[in-house]
Amino acid sequence: MMLWENILLALDALRVNAMRTLLTLLGVVVGVAAVISVIAIARGGQAMVIREVEGLGSGMVWIEPNLAEQSDFTRLELLDQRDLEAVSLLPGVAEASPMISTSMPARVTDESRDITVTGVSAGYARVRNLDLAAGRYFTEREVAAGQRLAVVNEQVVERLFPGAEAGDVIGEVLWLDRHPFVVVGVLESTSGLVASVGGFEEAQVPFTTLSRLTGADEFLAIFVTPEEGADLDRLMEDLRAAVERHHGPGKFSVNSLDQVLGAIRSVTDIMTLVVAGIAAIALLVGGIGIMNIMLVSVTERTREIGIRKAIGARRADLLSQFLVEAVVVSSLGGIIGILVGAGLVALVSAVANLPSLLTPGSILLAFGFAVLVGVVFGVYPANKAARQDPIEALRYE
Amino acid sequence: MSEAPLIRLRGVSRVYRTGSVEVAALQGVDLDVEAGEFVAIVGPSGSGKSTLLHILGCLDRPTAGQYLLKGRPVDGLSDDELAVVRNRELGFVFQSFNLLPRMSALRNVEQPLIYARVPAAERRRRAAEALERVGLGHRLHHRPNELSGGERQRVAVARALVNNPSVLLADEPTGNLDTRTGRDILALFRQLNEAGVTVILITHDLEVAAEARRIVEIRDGRIVGERRGDAP
Ligand SMILES: Nc1ncnc2c1ncn2[C@@H]1O[C@H](COP(=O)(O)OP(=O)(O)OP(=O)(O)O)[C@@H](O)[C@H]1O
Ligand SMILES: [Mg+2]
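Protein sequence lines correspond, in order, to chains X and A.
If you read the first sequence in this note's numbering, its first letter stands for residue -19, the second for the next number, and so on.
If you read the second sequence in this note's numbering, its first letter stands for residue 2, the second for the next number, and so on.
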């Protein structure tokens, strides 16, 4: 009953000074809107990047040249058959797939263009989470035999087989340099940022075939699928040791997708925290604004305080009246801030094509913060009101 | 009279200290007021009338002496306990009305009941009743600035009455009103007194004081005389 009375009183008092109230609200509005939109947009961005990275092959581990150590690209030391065999034999390795990468002129009819040709093993599709839109991937036996088979991506179909659907190109011949390859499969195009940025044409062929044709018998990377339940840290340590036995320390790095995900998470978390911290400072400034106006209000209404004391208001009554007023101001600011923030998030996610993650949790957090600001910065002015001497207050002009 | 009077002051003093200067606004005041009385306190400006009324009204505390309200000492009460006493036992009417400007007459009169934790519906009923009683039944929803001076003072009286106090305390309630309106307000006090309300009223207008049954004269902080008024 008392609370409701106090809310009515507060709304009344705030209406009288509508403009002043509005300006006081603004600080809280900005703070809350900033907190909400920063958290939502950062979460959205993070979720998108993580989904993207997970699409590259969950649980994947790979070995590649450590470019920090091997800075001379012309004399880059690569992995070789010995490494592949050593890695394949390690406990905890379900599958190891080497990768050779080169660029070759490709043609179907007359027109020829350079495409990326990747030499891989049969397990590569599994390791990298690749799906096929048509046809099949080559088998281990075909890899061992060094057959001239190719799995192409959608860009190859688009550029070299104009007008053809994925299914139409199975069994067609693709010329890589002077060598005919039979197309056995077409990769599903991956949607997402990485795919749309790196939209190059690629043909995947057995690494055995590619190394025979080009003379290249070294690998750019080895991809490893760990066995179910394998200790990832231990496995990565074993992989490093296996590679270092042949090449010496430091030349290659062992990476896992989990590590990358962790790094992305911690970077975006820190960024979110920093920006949310700045937003929280805006909220604090808003709180100081509330305190300032509440102090003015208490002084202006000294006589009202005297009257209320004379008719029987106790300290707690006046304390709660003015505290509720401060909280009503900050909550109003919070509500408006939530609306503004939600609008901002909707706008940004529409423009930047981000998934918007405006969670009830972050809304509640921001609103709770706004209320808290009202309480914290309202206590001092309210206490000042409650402690007035009745006679002095009544005499105040 | 075996029973304690409604109000009993014994040796009450009030000394104001401003820096090193001391002003004794009241010096050893003894005063008894029985329930149902109509007392006027008169005296020249600065004689301590308002100071006395503030002490009677528990808005201020004496620096020395004892105050018994309904036989119970008030001195030992905390600020919050005094607030409760003001709310339940005392009703104030001021010279300058002291209404809350942004509220209707009805809401103004409701305020003491809010602090008495009376439920909203009953509050409204009792406030309307009190306004009815002072002849303002037709002005419930007017704000103070939409009312005449006399009407404002009636709202103030209704607010003082609404929680059925033991005493109505009025500090120059006609001071801001013209003679005729002042007389109407005075008639209202008389009428309330006849209905059983104890009234203590300050004035320096002897014509006003004459309405009371008992006139207490104060000078330099001391009670210097007491007369019976002309009132029947
Ligand atoms: N807060 C205060 N501080 C210091 N002195 C005060 C204070 N209040 C009143 N006084 C002094 O106490 C004395 C009595 O004041 P009081 O207000 O009781 O007089 P009053 O009889 O009501 O006068 P009036 O008829 O003008 O209202 C005066 O001399 C006044 O100056
Ligand atoms: Mg006075």
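All residues carry an ideal CB built from backbone N, CA and C; glycine is no exception.
Judged by DSSP in its simplified three-state form, Y104 of chain X adopts helix. Identification of chain X residues near V85 of chain A by a Cβ-Cβ cut-off of 8 Å yields G292 and R294, ordered along the chain.
Under the three-state reduction of DSSP, Y68 of chain A is assigned to strand. Chain X places no beta carbon closer than 9 Å to that of G183 of chain A, leaving this residue out of the contacts.
From the beta-carbon of P370 of chain X, the residues of chain A found nearer than 7 Å are L60. Annotation: G269 of chain X to P74 of chain A spans about 45 Å, alpha carbon to alpha carbon. The CB of I287 of chain X comes closer than 7 Å to the CB of N99 and L101 in chain A, given here in chain order. The beta-carbon separation of S167 of chain A and T199 of chain A, rounded to 6 Å, stays under the 8 Å limit for a contact.
Bridge pairing for I315 of chain X: absent [DSSP]. Judged by their CB atoms, V97 of chain X and V131 of chain X are not nearer to each other than the 9 Å cut-off. With a threshold of 16 other beta carbon atoms within 10 Å, I219 of chain A meets it and is buried. Not one heavy atom of ligand 2 sits closer than 8 Å to the Cβ of I371 of chain X. Taking CB atoms only, M274 of chain X has no neighbour in chain A less than 9 Å away.
Distances from the CB of S21 of chain A to the heavy atoms of ligand 2 are all 8 Å or more. Remark: the shortest separation between the CB of P63 of chain A and any heavy atom of ligand 1 does not fall under 8 Å. Proximity annotation: ligand 2 has residues A:K50, A:S51, A:D172, A:E173 and A:I203 in chain order, each selected because its CB is closer than 7 Å to a heavy atom of the ligand.
N133 of chain X counts as buried, since no fewer than 16 other beta carbons sit within 10 angstroms of its beta carbon. Taking the Cα positions, R121 of chain X is about 16 Å away from V162 of chain X.
Under the criterion of beta carbons closer than 8 Å, E207 of chain X and A74 of chain X qualify as touching, at roughly 4 Å.
Sequence-distant partners of R103 of chain A (beyond 5 residues in either direction) whose C-beta falls short of 6 Å from its own C-beta are missing from its chain. Residues of chain X whose Cβ lies closer than 7 Å to the Cβ of H55 of chain A are, in chain order, I371.
When Cβ-Cβ separations below 9 Å define contact, Q154 of chain A makes no contact with chain X. When secondary structure is reduced to three states using DSSP, Q127 of chain X falls in the coil class, being assigned neither helix nor strand.
Residue-level contact by beta carbon fails for N165 of chain A and chain X, as no gap is shorter than 9 Å. Contact check between the stretch 179 to 193 of chain X and the stretch 40 to 47 of chain X: fewer than three CB pairs, one atom from each, fall below 8 Å, which does not count as touching.
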